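Whatever position you read off the sequence shown (first residue = 1), add 1 for our numbering.
Each residue gets a CB set at the ideal place from its N, CA and C atoms; glycine is no exception.
This one's a predicted model, so the numbers in the text were calculated from it and none came from an experiment.
Note sheet for the following structure.
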Amino acid sequence: MRALLIGFFLIIFATGSAFGQTAASALPHLTRSGNTQQLIVDGKPFIVLGGELGNSSFTSVEYMAPIWPRLKKLNLNTVLAPVYWELIEPVEGQFDFALLDQLIGEARKNNLRLVLLWFGAWKNSMSSHAPGWVKTDQSRFPRVQDDLGHSQEILTPFSENNLQADLKAFQALMAHVKKTDQKHHTVIMIQPENEIGMLPVARDHSPLANARFNAPVPRELMDYLTQNRDKMVPEFQQVWAANGFRNNGTWEDIFGKGYHSDEIFMAWFYARYTEQIVAGGKAVYPLPMFVNAALNRPDREPGKGYPSAGPLPHIMDVWLAGAPSIDFLAPDFYFPNIKYWCDLFTRRDNSLFIPEHRFDNTVAAKAAFTIGHYQSIGFSPFFIESGEDEPHAIALGKMYDVLAQILPVLTAHHGQGKVEGVLLEKDKPFTDLYMGDYELNVKHSHTLGWEAGAGNADWIPGGAVIIQTGKNTFLMAGSGVVLTFKNRANPEKITGILKTEEGHFVDGAWQVIRHLNGDQTHQGRHVRIFLDDISIVRFSLYEYE
Ligand code: DGJ
2 MRALLIGFFL
12 IIFATGSAFG
22 QTAASALPHL
32 TRSGNTQQLI
42 VDGKPFIVLG
52 GELGNSSFTS
62 VEYMAPIWPR
72 LKKLNLNTVL
82 APVYWELIEP
92 VEGQFDFALL
102 DQLIGEARKN
112 NLRLVLLWFG
122 AWKNSMSSHA
132 PGWVKTDQSR
142 FPRVQDDLGH
152 SQEILTPFSE
162 NNLQADLKAF
172 QALMAHVKKT
182 DQKHHTVIMI
192 QPENEIGMLP
202 VARDHSPLAN
212 ARFNAPVPRE
222 LMDYLTQNRD
232 KMVPEFQQVW
242 AANGFRNNGT
252 WEDIFGKGYH
262 SDEIFMAWFY
272 ARYTEQIVAG
282 GKAVYPLPMF
292 VNAALNRPDR
302 EPGKGYPSAG
312 PLPHIMDVWL
322 AGAPSIDFLA
332 PDFYFPNIKY
342 WCDLFTRRDN
352 SLFIPEHRFD
362 NTVAAKAAFT
372 IGHYQSIGFS
382 PFFIESGEDE
392 PHAIALGKMY
402 DVLAQILPVL
412 TAHHGQGKVE
422 GVLLEKDKPF
432 TDLYMGDYEL
442 NVKHSHTLGW
452 EAGAGNADWI
462 PGGAVIIQTG
472 KNTFLMAGSG
482 VVLTFKNRAN
492 PEKITGILKT
502 EEGHFVDGAW
512 QVIRHLNGDQ
522 THQGRHVRIF
532 LDDISIVRFS
542 LYEYE
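What follows is the structure, given as structure tokens:
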């Protein structure tokens with residue numbers, strides 16, 4: 002009986018479902034739904050329709066005052082905002098959260114959630130946000146050195162003092178967020194550090210680092226490699242294979258001589274450092290935590306052509322091995338070719354979240370594409386407060402509005418092969434989707450040739466989320482898309498459009514705005530949303546002889 006009772010209490014404790022801890026009061030967390038990872042906030046699946054503030058904006062109430070209404074106008078549900086080590090711990094051991102409290106209060110008033118970015122030891126490789134008492138005490142807080150022995154304004158990850166000082170401040174932040182926000186859940190995720198990576202050479206050459214470089218590769222990494230030999234990303238497996246899958250020796254013994262070994266070495270120690278920050282932060286207040294990456298330029302040398310050793314796809318196994326407490330690795334986009342990079346980042350079961358994308362005229366389409374195709378946790382252009390009333394900002398606001406409306410339907414269909422996303426660009430304006438029995442042939446609306454802008458040298462991309470809500474019924478939100486159909490189960494028959502409605506969701510219920518037909522469906526030949534129309538359509542299909 003006693004064992005039964007203990008078991009009962011253990012279950013209640015583990016699930017948090019008794020004594021008033023309802024699903025809605027559980028902390029924001031990640032959970033699996035089919036093959037998708039969902040972010041749960043207040044008991045419901047949540048997708049970040051976000052924007053990241055410019056680096057120096059979240060530093061005063063006055064500066065932020067005119068920005069909040071702009072964020073609302075863009076229909077954001079979440080703001081990604083930095084917290085600066087130098088501002089919260091200006092004097093060692095004395096923490097000041099007054100400004101942060103005011104800003105969290107403003108976010109709450111505006112019904113916005115926050116993802117806090119910890120600008121701690123590293124921000125874009127550098128340590129410019131370390132407090133003055135850290136910067137000015139180089140012997141206590143050592144720096145990385147380049148291959149000529151010159152030190153940089155970058156704290157070395159090989160120093161226990163650096164780690165402990167950063168960790169102490171981060172834990173103080175998490176304790177404060179817990180104390181002031183655990184009932185509200187305004188803060189839903191945390192990004193420790195920002196774009197970690199080594200510059201201007203591929204690895205740290207300080208004495209602390211050199212000692213590790215000449216020592217054997219740690220057993221934890223060797224064990225991970227051995228256990229994951231057939232699962233690791235192929236480009237990393239090839240590096241190890243080239244040296245005969247050796248399983249003991251120094252970094253150069255195992256991975257060979259060259260910048261790639263410097264990068265692997267550095268990635269391991271960045272990951273180990275970050276693991277301690279993340280695990281230490283979660284021990285205080287366990288919100289989901291991710292790290293972001295500055296992408297590498299293909300064929301460039303690590304350290305010189307891009308920040309070496311960040312959480313990048315070609316070394317993601319090193320990060321997974323070294324920092325298992327990180328929930329996912331996230332790409333920042335300032336390059337084109339989003340699909341190429343997202344495909345790389347979603348290997349090894351890594352969930353997609355895009356904390357930064359250049360705020361340009363592709364973001365509306367890419368928000369829809371990534372949220373649909375990768376069932377991502379969210380999307381967030383960088384410097385979101387810029388570009389007020391410019392066409393790309395207006396388009397993003399409209400796209401976030403329609404995405405917010407369909408989110409309950411979308412997340413209810415997550416992980417079952419019923420949600421898709423398309424991105425249609427001038428050099429790739431066609432794509433085919435396979436959903437249930439149907440093949441959907443999707444093209445950019447400019448390919449019709451009738452729409453304003455079709456003759457332009459550059460096309461604004463089209464993008465949409467498509468959800469199969471029943472055997473022959475679909476919901477689509479987006480812009481710049483034209484759909485035609487085939488039934489793969491009945492290839493001898495012709496697929497027709499039974500009904501198309503343009504509408505919106507009011508309190509979760511579908512309301513028709515227009516029944517689309519005639520010119521709006523090319524007399525029943527296709528389902529379409531023009532580029533400027535950013536809207537939601539619901540349609541059903543049928544077959545005829
Ligand atoms: C990526 C960084 O993560 C941001 O903080 C910002 O510096 C942008 N680059 C570029 O402005």
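Exercise for review: Using three-state DSSP, classify TRP451 as helix, strand or coil.
Suggested key: In the sequence shown, residue 451 corresponds to position 450, counting from 1. In this structure, TRP451 counts as coil in the three-state DSSP scheme.
Please name the residue in ALA324, GLU93, LEU101 whose C-alpha comes closest to that of VAL62.
On the sequence shown, residue 62 is found 61 positions in, with the first residue counted as 1. Taking only the C-alpha atoms, the option nearest VAL62 is LEU101.
- Which residues in the same chain have their Cβ closer than 7 Å to the Cβ of PHE346, if we skip the five residues on either side of it in sequence? For the purposes of this step, residue 346 is taken as residue 345 along the sequence shown, with counting starting at 1. PRO314, LEU330, PRO332, LEU353.
Would you say TYR307 touches ligand 1, meaning its beta carbon is less than 8 Å from a heavy atom?
If you number the sequence shown from 1, residue 307 lands on position 306. Result no, Cβ not under 8 Å from ligand 1.
Original post:
Which residue spans inside the segment 411–499 form an unbroken beta strand (DSSP E) run of at least 3?
Top reply: 420–425, 431–436, 439–445, 463–469, 474–480, 482–488
Q. For the candidate residues THR23, HIS30, GLN38, whose alpha-carbon lies nearest to that of ASP547?
A. This structure gives no information on residue 547, because the portion of the chain shown stretches from 2 to 546.
Item to complete: Within 10 angstroms of the Cβ of ILE537, are there 16 or more other Cβ atoms? Answer buried if so, exposed if not.
Response: For the purposes of this step, residue 537 is taken as residue 536 along the sequence shown, with counting starting at 1. Using a 10 angstroms sphere on the CB of ILE537, the tally of other CB atoms reaches 16 or more, which defines it as buried.
On the criterion of 16 or more Cβ atoms from any shown chain inside 10 Å, does TYR439 qualify as buried, or is it exposed? Residue mapping note: residue 439 aligns to position 438 of the sequence shown, counting from 1. Buried: at least 16 other Cβ atoms inside 10 Å.
Quiz prompt | Start-to-end residues for the alpha helix (DSSP H) that takes in ASP167 | solution = Taking the first residue of the sequence shown as position 1, residue 167 is located at position 166. From DSSP, the alpha helix (DSSP H) with ASP167 extends over 161–182.
Quiz item: So, helix, strand or coil for THR187, using DSSP?
Solution: In the sequence shown, the residue the question calls residue 187 occupies position 186. It is coil, neither helix nor strand.
Three-state secondary structure assigned by DSSP to TYR260
Counted from its first residue, the sequence shown places residue 260 at position 259. Of the three classes helix, strand and coil, the one that applies to TYR260 here is helix, per DSSP.
Closer than 7 Å by C-beta to ARG220: which residues in its own chain qualify, once you throw out the five before and the five after it? Chain order, please.
-> In the sequence shown, counting from the first residue as 1, residue 220 sits at position 219. Excluding residues within five positions, none has a Cβ falling inside 7 Å.
**Report entry** Residues near GLY8 by beta carbon distance below 7 Å, same chain, minus five either side
**Finding:** Working through the sequence shown from its first residue, we reach residue 8 at position 7. A caution first: GLY8 carries a pLDDT of 41, below 50, which makes its placement in the model unreliable, though a value can still be read off. Excluding positions up to five away in sequence, the list is empty.
### Query
So what does DSSP say about TYR286, is it helix, strand or coil?
Within the sequence shown, numbered from 1, the residue matching residue 286 stands at position 285. If DSSP states are grouped into helix, strand and coil, TYR286 belongs with coil.
_When you compare the CB of PHE256 with every CB in chain B, is at least one pair closer than 9 Å?_
Looking at the structure shown, chain B is missing, and only one protein chain is on hand.
With three or more beta-carbon pairs closer than 8 Å as the criterion, would you say the segment 145–156 touches the segment 188–205? yes
Any idea if LEU40 is buried or exposed, counting beta-carbon neighbours within 10 angstroms, 16 or more meaning buried?
As a working note, residue 40 is residue 39 in the sequence shown. LEU40 should be labelled buried.
Considering only heavy atoms of ligand 1, does any lie closer than 8 Å to the CB of ASN297? In the sequence shown, counting from the first residue as 1, residue 297 sits at position 296. No; taking the cut-off as 8 Å, the Cβ of ASN297 has no heavy atom of ligand 1 nearer than that.
For ASP254, which three-state DSSP category applies? Counting from 1 along the sequence shown, the entry for residue 254 is found at position 253. Per DSSP, reduced to three states, the secondary structure at ASP254 is helical.
- prompt: Taking the C-alpha atoms as reference points, what is the distance between LEU362 and GLY245?
  reply: Mapped onto the sequence shown, residue 362 falls at position 361. Mapped onto the sequence shown, residue 245 falls at position 244. One point to set straight first is that residue 362 is Asn, not Leu, in the sequence displayed. Between ASN362 and GLY245, the C-alpha separation is close to 47 Å.
- Query: Does the distance from the CB of VAL178 to the CB of ARG114 come in under 9 Å?
  - Reply: Stepping through the sequence shown from its first residue, residue 178 is reached at position 177. Stepping through the sequence shown from its first residue, residue 114 is reached at position 113. No; because the gap between Cβ atoms is not below 9 Å, this pair is not in contact.
Buried or exposed: which applies to ILE376, given that a residue is buried once 16 or more other Cβ atoms fall within 10 Å of its Cβ? Position 375 of the sequence shown, counting from 1, holds the residue named residue 376. Correcting the residue type first, residue 376 is Gln in the shown sequence and not Ile. Label assigned to GLN376: buried.
Open item on the list: Short of 8 Å in beta carbon distance, which residues of its chain neighbour THR227, apart from the five on each side in sequence? Order them along the chain.
Closed with: Counting from one through the sequence shown, the residue named residue 227 turns up at place 226. Once the five neighbours on either side are set aside, the close Cβ partners of THR227 are ASN248.
> CB of PHE336 to nearest heavy atom of ligand 1: below 8 Å?
Replying inline: As a working note, residue 336 is residue 335 in the sequence shown. No, Cβ of PHE336 sits at least 8 Å from all heavy atoms of ligand 1.
Worksheet item: Near ALA170, what residues of its chain come up, given a Cβ to Cβ distance below 7 Å and the 5 sequence neighbours on each side ignored?
Response: For this step, residue 170 is matched to residue 169 along the sequence shown. TRP86, ILE89, GLU90, GLY121.
Tell me SER309's beta-bridge partners as DSSP assigns them.
Numbered from its first residue, the sequence shown carries residue 309 at position 308. In DSSP, SER309 forms a bridge with MET199.
### Task
Would you mind sorting GLY306 into buried or exposed? The rule is 16 or more other CB atoms within 10 Å of its CB.
The residue given as residue 306 occupies position 305 in the sequence shown. Classification of GLY306: exposed, given that the 10 Å Cβ count is below 16.
*If you draw a straight line from the C-alpha of PHE266 to the C-alpha of TRP252, how long is it?*
Within the sequence shown, the letter at position 265 stands for residue 266. Within the sequence shown, the letter at position 251 stands for residue 252. C-alpha separation (whole angstroms): 7 Å.
Environment of ligand 1 in chain order, Cβ to heavy atom below 6 Å: ASN56, ASN125, ASN195, GLU196, ASP333, GLU357, PHE383
Here's a check: name, in chain order, each residue in its chain whose Cβ is nearer than 7 Å to the Cβ of LYS283, leaving out the five neighbours to either side. In the sequence shown, counting from the first residue as 1, residue 283 sits at position 282. Short of 7 Å from the beta carbon of LYS283, and not among the five residues preceding or following it, lie these beta carbons of its own chain, in chain order: MET290, SER326.
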